[in-house]
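Okay, so here's the structure we're looking at.
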Amino acid sequence: MTKLKVTQVKSTNGANPKQRGALQSLGLGKIGNVTERDDDPTVLGAIDRVSHLVKVEDA
-12 MTKLKVTQVK STNGANPKQR GALQSLGLGK IGNVTERDDD PTVLGAIDRV SHLVKVEDA
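Number 6 in our numbering belongs to position 19 of the sequence shown; there are no gaps in the numbering.
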């Protein structure tokens, strides 16, 4: 399974609770936080919900 490197690049100010929850489930919360996650449907769904707040790269 491939890994994805997810970096938060924008603030959660103005984000709705579902977007904040998606960031929290990804292990993010502050600008500049970075996590590595497996490439599975659950993670991809969370990334899709907050795609405007994060940057995604292959790890």
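Here a beta-carbon is modelled for each residue, glycine too, at the ideal position from N, C-alpha and C.
Check                                                                                                                                           : Outcome
Please state the DSSP three-state secondary structure of L15.                                                                                   : coil
Assuming L15 and T22 make a contact with CB atoms under 8 Å, what is their CB distance in whole Å?                                              : 6 Å
Which residues in the same chain have their Cβ closer than 7 Å to the Cβ of S12, if we skip the five residues on either side of it in sequence? : A33
Does the distance between the C-beta of A9 and the nearest non-hydrogen atom of the ligand MG fall short of 7 Å?                                : Among the components of this structure there are no ligands whatsoever, and the ligand MG is therefore not found.
Give the straight-line distance between the Cα atoms of K(-3) and R36, rounded to the nearest whole angstrom.                                   : 14 Å
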